[in-house]
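From first to last, the protein sequence lines are chains G and S.
In terms of our numbering, the first sequence opens at residue 125 and continues consecutively.
In terms of our numbering, the second sequence opens at residue 125 and continues consecutively.
Every residue gets a Cβ at the ideal spot worked out from N, C-alpha and C, and that includes glycine.
Please read all numbers here as calculations on a predicted model, not as lab measurements.
Number of protein chains: 2
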Amino acid sequence: MRAGPSQEEIRRQNLGALLRHVHVNGATTRAELTNTLGLNRSTIGALTADLAAAGLVSEGGARETGRAGRPSLVVRPESQRVYAYALSIEVDRLRAARVGLGGRVLDVRTADRPRGTLAAEAVGPLAGFVKELHHSAPPGSVCVGSGVAVSGMVRRDDGMVRLGPTMGWVDEPLGAALAEALGDDRGVLVGNVSDVCALAEHTRGAAVGCDHVIYLYGDVGVGAGIIVGGRRVTGHGGYGGEVGHMVVHPGGRPCLCGSRGCWETEIGEHALIQAAGRSGAVGREAVLAVVDAADRGDGLAQAAIRQVGDWLGFGVANLVNIFNPETVVFGGTLRDVYLAAAAHVRSRLNSIALPACREHVRLRTPKLGDDAPLIGAAELAFEQLLADPLDATIA
Amino acid sequence: MRAGPSQEEIRRQNLGALLRHVHVNGATTRAELTNTLGLNRSTIGALTADLAAAGLVSEGGARETGRAGRPSLVVRPESQRVYAYALSIEVDRLRAARVGLGGRVLDVRTADRPRGTLAAEAVGPLAGFVKELHHSAPPGSVCVGSGVAVSGMVRRDDGMVRLGPTMGWVDEPLGAALAEALGDDRGVLVGNVSDVCALAEHTRGAAVGCDHVIYLYGDVGVGAGIIVGGRRVTGHGGYGGEVGHMVVHPGGRPCLCGSRGCWETEIGEHALIQAAGRSGAVGREAVLAVVDAADRGDGLAQAAIRQVGDWLGFGVANLVNIFNPETVVFGGTLRDVYLAAAAHVRSRLNSIALPACREHVRLRTPKLGDDAPLIGAAELAFEQLLADPLDATIA
């Protein structure tokens, strides 16, 4: 219902579109930008000059096109100079990185994290990492913001973690605490790890160019980052994508959320480890150990993989009926489960999902590996810059 | 990534925004349009003049504002002159209507429809209705297009009905057959009945102003029209929203789709009628009879309402965890089941859905009643006109 934009709004949109293009695609010739953005050469020249003056892109190093005529100048994001802080609070570790414009991880710090510690206990170490990263950044480089990925339900408005059932958290004001510890008035953008990984894989990974994507992330719990019509499904308060708490097994095992038979009780880390007769073991290493044992012929491990693979396919079929996606990506420990049980997953999908809903769906593993939470958290932080490049506060 | 629009594109956007505003909100003063669209008075005047010249709006009848100064002119959609044909193929009946710009149902035709007849068999009667509606339309009135609502999985690109499990249809080219029978080169837009009702209730019914909506529609089967971030979830091929085939009861009753334990086997028309000991009865009347009997103290009917209400709440809880919606609307026969079993639905929702996902959700019945499929089908047909008012072909 909103009316069309003003001239100045259009200029800002165009600046954002150009910067986003080189941020996502890397070095691009002016000729390619002219084609892709549908703007004329003089407009592209003026926009590039504005962005270069703001220190966001550089120009030069004309690329050989192999064609006759003057080679076109190349526009590059200032990846070394312009960066975001990307933080990740995972079940078993903490990470912090400097991620350059263009999505390059420039520098990382990692620490183990004892299970069961609170969000508040992660703030100090992460702030320490950010200080280290700041000191080792090249002189003259600038930070455009900070983002953090976390396994929990995040209130969109203020980054409050409402519930981290696998972490034992309730109502922890993570966004506010990190912003204070980092001394950043711009705030720290907080995203659920599945949402953030979906954003990363959609921008520069396994789901590039796909408008309808379900990215599943498993560790102790299971969540999804869902993209519909090219945009993330956040829900009314920011809590959408809690597919791990879709009940698939009425009267089944109790879940940490208080309900029973949730999907994550059948496909989470505990389910696999327990079915393989290894109760007590935890973490990704334990999941990989079950997958390895199944590979080597361990009957109990093979049965566990089959059982979890069946339930994985079962829930994916439900989601395929609901969303009719183009791509389903299996991330976190579900990557390993999927690779070991792909035939079971596909067979369940075929027997349960409606043919029209599943006919074009591609099942994929992530392309960005363990960097996805960091790259995605950085995307959250870059978002404001890309929406309005000359207005964003950079410090 | 697309660059900002040209001057001409902006003019078209503004024309569309103004026309959409009066289409959705009805008669609006120029002063209100100036405020709402954020454009200056002279621009509003010029846009209104263009739309009036095209016969899409009329101006006049200055409304008393009660304030000093010149009263502002009122802009109205040309509801009597500009209309769409809206068709609806329901389990038990066929309907066709002329719906005026502004969403007014001007004239309707209805016929009973024997269950089990094919889509092809609906085309002739519907085309006959359209001929009648055309002849009784006032001289000088113009049709901007046609839309049809149908209980089936609709391929977005061409209106092919891939599967209408409750109708026994497979791959019926409904869009093409109707366009040919109506002799309309512009084609006929085909939408799933749940999607189309969701569109209608979102535009002018129970979900106005809500960005995250699940509209459930029940008859023999169950489907959902889902709105995320203000936009309909269509999925990759157009088949999204098949929530009736979310399996909620592994190993449960066989479903018409070939799977078992689908949600619609627990909450569809058959489930209620059978649980009430009335096997053999069919249709909305039979559902209402069970609701009435429960009201009058029939124990078996009350147990049936409880059972179906429990399963209804169960599935809604799953969807609330997945989508974190603002509003859930119960349409079709689910309206009556919900009203009879609201306490059971709410109790299941509270015990299964995560508090953060459900805390702001409103459970609602539709506002548009039985007109929703017609109003929604007309919205499909108006869409092109609203996107580019002066470019649409009107005949």
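Just curious, the beta strand (DSSP E) that residue i is in, first and last residue?
i      : result
E366/G : From DSSP, E366/G is part of no beta strand (DSSP E); its letter is neither H nor E.
C267/S : V266 to V274
A235/G : R228 to D236
L451/G : The residue asked about is misnamed: residue 451/G is Thr in this sequence, not Leu. Where T451/G is concerned, the enclosing beta strand (DSSP E) stretches over T451 to G456.
Specify, as a first and last residue, the run of the alpha helix (DSSP H) that residue i falls within.
i      : result
E388/G : W387 to I391
V254/S : A243 to H259
G140/G : Q131 to N149
Identify which residue in the options has its Cα closest to the Cα of residue i.
i      : options                           : result
A177/S : I213/S, N159/S, N164/S and V199/S : V199/S
P479/G : I446/G, L458/G and D416/G         : I446/G
A428/G : P449/G, G455/G, E390/G and G456/G : E390/G
V432/S : A395/S, Q508/S, R459/S and N164/S : A395/S
G376/S : H373/G, S166/G and G329/G         : H373/G
H326/G : R488/G, V206/G, S265/G and V346/G : R488/G
R280/G : R356/G, W293/G and D231/G         : R356/G
G271/S : P263/S, I350/S and D308/S         : D308/S
D381/G : A477/S, S212/S and R239/S         : According to the sequence provided, residue 381/G is Cys. The question's Asp does not apply to it. Taking only the C-alpha atoms, the option nearest C381/G is A477/S.
G264/G : A173/G, Q204/G, A418/G and E483/G : Q204/G
L302/S : A243/S, N448/S, R136/S and S475/S : A243/S
D231/G : A220/G, R237/G, L225/G and E483/G : A220/G
V268/S : G276/S, H258/S and M277/S         : H258/S
S72/S  : N474/S, V274/S and A502/S         : Here chain S has residues from 125 to 519 only, and residue 72/S is not among them.
V184/G : T153/G, A170/G, D174/G and I168/G : It should be noted that the sequence gives Gly, not Val, for residue 184/G. Closest option to G184/G, Cα to Cα, is T153/G.
C334/S : Y207/S, V485/S and P378/S         : V485/S
A305/G : G342/G, A251/G, V320/G and I338/G : A251/G
D505/S : V206/S, E202/S and G179/S         : Reading off the sequence shown, one finds Ala at residue 505/S, where the question assumed Asp. The residue with the shortest Cα to Cα distance from A505/S is V206/S.
G88/S  : L225/S, L139/S, P129/S and L175/S : Coverage of chain S is limited to positions 125 through 519, which leaves residue 88/S absent and any answer about it impossible.
N159/S : H147/S, L142/S, D174/S and A173/S : L142/S
H528/S : C379/G, H360/G and G353/G         : Residue 528/S lies beyond the range of chain S shown here (125 to 519); nothing can be said about it.
L197/S : R459/S, A155/S and A400/S         : A155/S
V411/S : A464/S, D434/S, G423/S and N448/S : A464/S
P490/G : G179/G, A466/G, F454/G and L298/G : F454/G
F438/S : S260/G, G392/G and R384/G         : R384/G
E366/S : G248/G, V444/G and H468/G         : V444/G
On the DSSP bridge assignment, give the partners of residue i in chain order.
i      : result
N316/S : V274/S
D282/G : Answer is none; D282/G lacks a bridge partner.
G224/G : Y207/G and R228/G
G288/G : W293/G
T153/G : V198/G
R356/S : I351/S
Output, in chain order, the set of chain B residues within a Cβ distance shorter than 8 Å of residue i.
i      : result
L478/G : In summary, chain B is missing from the structure at hand, where the protein chains are G and S.
| Where in the region 162–219 of chain S do unbroken runs of the alpha helix (DSSP H), each at least 4 residues long, occur, reported from the N-terminal end onward? | 165–177
| request: Using a Cβ-Cβ cut-off of less than 8 Å, give me the residues of the region 306–339 of chain S that come near chain G, in sequence order. | output: D335 and H336
| field | Selection of the region 351–374 of chain G by Cβ proximity to chain S, strictly under 9 Å | value | V352, G353, R355, R356, V357, T358, G359, H360, G361, G362, Y363, G364, G365, E366, V367, G368, H369, M370, V371, V372, H373 and P374
| task | Pick out the complete beta strand (DSSP E) segments inside the region 481–518 of chain S, 3 residues or longer, and give them in chain order. | result | 486–488
| Any residues in the region 444–459 of chain G with a beta carbon nearer than 7 Å to a beta carbon of chain S? Which ones, in chain order? | N445, I446, F447, N448, P449 and E450
| field | Complete alpha helix (DSSP H) runs within the region 367–442 of chain G (minimum length 4 residues, chain order) | value | 387–391, 393–399 and 407–419
| What are the complete alpha helix (DSSP H) segments, minimum 4 residues, inside the region 294–354 of chain S? | 298–306 and 317–328
| field | Near-chain G residues of the region 482–515 of chain S - C-beta to any C-beta below 7 Å | value | H484
| said: Residues of the region 464–475 of chain G in Cβ contact with chain S at a cutoff of 9 Å, in chain order, please. | reply: S475
| said: Tell me which residues of the region 273–287 of chain S have at least one Cβ-Cβ distance to chain G shorter than 8 Å, keeping chain order. | reply: M277, R279, R286 and L287
| said: Under 7 Å, CB to CB, which of the residues in the region 134–149 of chain G have a partner in chain S? | reply: I134, Q137, N138, A141, R144 and H145
| task | Output, in sequence order along the chain, the residues in the region 378–390 of chain S whose CB is closer than 7 Å to any CB in chain G. | result | C381 and S383
| Interface residues of the region 243–265 of chain S facing chain G [CB-CB below 7 Å] | none
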